[in-house]
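*Asks:*
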Amino acid sequence: MDQMQHIDIASRALKYARKNGAEEASIKLSTGNGFSVVSQNQVIDVVEQFNDQSFSISVYIGKAIGSASTNDFSEEQIHATIDKALSLSRLTEKDDCNGLAEKELMATEIKDLDLYQPSDLSIEKAKEMALQCEAAAFEANESIINSEGATVGSYENQSVYLNSHDFIGETQSTGHSISCVAIAEKEGQMEMDYDYSSTRGLDDLRDHISIGYSAGNRAASNLGSRKLKTQKAPVLFSPRVSKSLFSHFLSAISGTSLYRKSSFLVDKIDQEIFPNFIQIHEDPHLMKGFASTYFDAEGVQTKPRELIQDGYLKGYLLSSYSARRLGMKTTANAGGHHNINVEKSVDEDLNEIIKGMQSGFLVTGLIGSGVNIVNGDYSRGANGFWIENGEIVYPVSEVTVAGNLSEMFSKIQKIGNDPETDGSVFCGSVLIDDLMIAGE
């Protein structure tokens, strides 16, 4: 089904909703297809193909909202779905903050952000890549005795968003990924680790064999791990885990958390949150970005902006609803944040930062979800390596890193120049001074 067919179905559905009493309405219609293959113990264990489609509608009557969805695109079922949404809107309480985003905010500047990167990757070729990726993990180190598999996947997605402001937004996107999880064993101790790559275009993926080698070497390097004595010490978060720190920050400045007063960053606009060398930029127009779009989930035009400038909080992440609840204006973040870039503060990568440390804990993995966004309390299981005199001396496991996000943010010493570019949050290595490490 092409985009013109999508628009035709959605346009007719919108007319039906308006004809039957909707004062305002919005519709999203999407289709997608793709596959994934998994090699486990050098056998193709799983081949999955999918074809998905969905139709969702929200209608507003007298500031009450009703929403419904279906995966059946027949006219009969779409009409039934709209009727259900209309019925629900007549049963729900009115809320003056409900409604579409203002018409003058609708996106008018259409941007091709290079999100659609179709490839000729076949299932047979993906099987070959998965087998080679997993084989590389086994070859990386003699201690690799098993794996949880190597996975190669590809998908395409097409969607349209329409609303009763006469806005029509179209999106086409692709995604490709490779991942591998290796298991190492020595003297009865087993350790697991992984590596992955995820991009819009197939040609932008890291080499699948190098991903397998990396997963195997990472798992092997964790063998012989020790616990640490409970202490306070510098903690260095590697790039693949440092982004999680800023994901907590993004949750804390989201509109829902703010209007519910369930965030430690309520009423913190123009206050210092980070040291003055920290800059955090939101870029919805990043080419090939996983969170790139020229309009948000309500059709509002997106714009690049600063979230943190010289350590100060300059903006929240608001939809039209959360903005109204807060007496503010939407920031075009209905549907979530866009690409987030935490700028480097030093021209040093992970290894160079390690060389400059007298002692400390390098975190390469985090476990659990012990983060309270309401008050900022942070407590997560961690594994990684102990550093002495600028060198890694032994692996560490079964410890907990604890603190409060407000204090942790203020204690950031360095942000490295080595961000991972998979996903929607880009951040290099992060060194935080004087964190509690709970161990023996």
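In terms of the working numbering, the sequence shown is residues 442 to 881. Don't be surprised by glycine CBs; every beta carbon is placed ideally from N, CA and C.
Quick one: Cα of Ile-650 to Cα of Gly-507, how far?
*Replies:* Their backbone Cα atoms lie some 50 angstroms apart in a straight line.
*Asks:* Can you list, in chain order, the residues of its chain whose CB lies under 7 angstroms from that of Asp-634, leaving out five sequence neighbours each side?
*Replies:* The residues are Ala-623, Ala-656, Arg-659, Ala-660, Asn-663.
*Asks:* Going straight from the alpha carbon of Ser-760 to that of Lys-702, what length do you get?
*Replies:* If you take the alpha carbons of Ser-760 and Lys-702, they lie about 16 angstroms apart.
*Asks:* Is DSSP giving Cys-868 helix, strand or coil here?
*Replies:* Correct three-state label for Cys-868: coil.
*Asks:* Whole alpha helix (DSSP H) runs in the region 503-580 with 4 or more residues, listed along the chain?
*Replies:* As far as the region 503-580 is concerned, its whole alpha helix (DSSP H) runs of at least 4 residues are 516-532.
*Asks:* Taking Leu-603 as part of the beta strand (DSSP E), name the residues at either end of that continuous run.
*Replies:* Here the beta strand (DSSP E) through Leu-603 covers 585-604.
*Asks:* Around the C-beta of Ile-873, are 16 or more other C-beta atoms found within 10 angstroms, so that it is buried, or is it exposed?
*Replies:* With 16 or more other Cβ atoms within 10 Å, it is buried.
*Asks:* Which class does Phe-715 belong to by DSSP, given the choice of helix, strand or coil?
*Replies:* Note: Phe-715 maps to coil in three-state DSSP.
*Asks:* Tell me the DSSP bridge mates of Asn-474?
*Replies:* According to DSSP, Asn-474 bridges with Asn-492, Glu-597.
*Asks:* At the level of alpha carbons, what is the spacing between Asp-536 and Lys-568?
*Replies:* Those two C-alpha atoms are separated by around 52 angstroms.
*Asks:* For my contact list, Ser-560 and His-617 are in at a C-beta cut-off of 8 angstroms; report their separation, rounded to the angstrom.
*Replies:* Confirmed, about 7 angstroms.
*Asks:* Taking Cβ to Cβ, would you say Glu-713 is nearer than 9 angstroms to Gly-752?
*Replies:* Yes, they are a contact pair.
*Asks:* In the DSSP assignment, what residue or residues form a beta bridge with Gln-742?
*Replies:* DSSP, once it has assigned bridges, lists Phe-736 as partnering Gln-742.
*Asks:* For Phe-491, count the other beta carbons within 10 Å of its own beta carbon; 16 or more makes it buried, fewer makes it exposed. Which is it?
*Replies:* Looking at its Cβ environment, which holds fewer than 16 other Cβ atoms inside 10 Å, Phe-491 is exposed.
*Asks:* What is the C-beta distance between Phe-678 and Ser-870, in whole angstroms, given that I count them as a contact (C-beta under 8 angstroms)?
*Replies:* With 8 angstroms as the limit, Phe-678 and Ser-870 qualify as a contact, their Cβ atoms being about 7 angstroms apart.
*Asks:* Once DSSP output is grouped into helix, strand and coil, what is the label at Asn-782?
*Replies:* If DSSP states are grouped into helix, strand and coil, Asn-782 belongs with the strands.
*Asks:* Are the CB atoms of Leu-748 and Lys-709 within a distance shorter than 9 angstroms?
*Replies:* It is not a contact, given that the beta carbons lie outside the stated cut-off.
*Asks:* Using the Cα positions of Ala-732 and Gly-777, report the straight-line distance between them to the nearest angstrom.
*Replies:* For Ala-732 and Gly-777, the distance between alpha carbons rounds to 9 angstroms.
*Asks:* Tell me Ser-633's beta-bridge partners as DSSP assigns them.
*Replies:* For the sequence presented, residue 633 should be read as Met rather than Ser. DSSP output for Met-633 lists Ile-624 as bridge partner(s).
*Asks:* Just the C-alpha distance for Ser-477 and Glu-589, rounded to the nearest angstrom, thanks.
*Replies:* Computed Cα separation, rounded: 15 angstroms.
*Asks:* Let me know if Met-570 comes out buried or exposed under the rule of 16 or more other beta-carbons within 10 Å of its beta-carbon.
*Replies:* Buried, since its Cβ has 16 or more Cβ neighbours within 10 Å.
*Asks:* What are the start and end residues of the beta strand (DSSP E) that includes Ile-833?
*Replies:* Segment 832-845, the beta strand (DSSP E) holding Ile-833.
*Asks:* Between Ser-452 and the rest of its own chain, which residues show a CB-CB distance below 7 angstroms, the 5 nearest in sequence each way excluded?
*Replies:* Excluding positions up to five away in sequence, the list reads Leu-603.
*Asks:* Out of Asp-486, Asp-493, Val-500, Arg-641, which has the shortest C-alpha to C-alpha gap to Ser-467?
*Replies:* Selected option, being the one with the closest Cα: Val-500.
*Asks:* Please go through the region 657-693 and give each complete alpha helix (DSSP H) segment of 4 or more residues, from N-terminal end onward.
*Replies:* Segments of the alpha helix (DSSP H) lying fully in the region 657-693: 680-693.
*Asks:* Tell me which same chain residues have a C-beta within less than 6 angstroms of the C-beta of Gln-613, skipping the five on either side of it?
*Replies:* If we look at Gln-613 and ignore the five residues flanking it on each side, its Cβ neighbours are Tyr-557, Gln-599.
*Asks:* Could you give the distance in angstroms between the alpha-carbon of Asp-711 and the alpha-carbon of Lys-525?
*Replies:* Taking the straight line from one Cα to the other gives about 44 angstroms.
*Asks:* Where DSSP assigns a beta bridge to Glu-829, which residues make up the other side?
*Replies:* Glu-829 pairs with Ser-800, Glu-832.
*Asks:* For Leu-669 and Gly-540, what's the separation of their Cα atoms in angstroms?
*Replies:* For Leu-669 and Gly-540, the distance between alpha carbons rounds to 54 angstroms.
*Asks:* Any contact of the region 732-741 with the region 764-778, i.e. 3+ C-beta pairs under 8 angstroms?
*Replies:* Segments in contact, yes.
*Asks:* For Val-783, which of Glu-793, Val-842, Tyr-819, Phe-690 has the nearest alpha-carbon?
*Replies:* Of the candidates Glu-793, Val-842, Tyr-819, Phe-690, the one whose C-alpha sits nearest the C-alpha of Val-783 is Phe-690.
*Asks:* Work out the CA separation of Leu-646 and Ile-795 for me, nearest whole Å.
*Replies:* Those two C-alpha atoms are separated by around 28 angstroms.
*Asks:* Could you compute how far the alpha carbon of Ala-409 sits from the alpha carbon of Phe-867?
*Replies:* No answer is possible for residue 409: the residues shown for the chain start at 442 and end at 881.
*Asks:* Based on the DSSP secondary-structure assignment, which residues constitute the bridge partners of His-722?
*Replies:* DSSP, once it has assigned bridges, lists Glu-747, Asn-782 as partnering His-722.
*Asks:* Label Met-849 either buried or exposed according to how many other C-beta atoms from any shown protein chain fall within 10 Å of its C-beta, with 16 as the threshold for buried.
*Replies:* Answer is buried; the Cβ neighbour count reaches 16.
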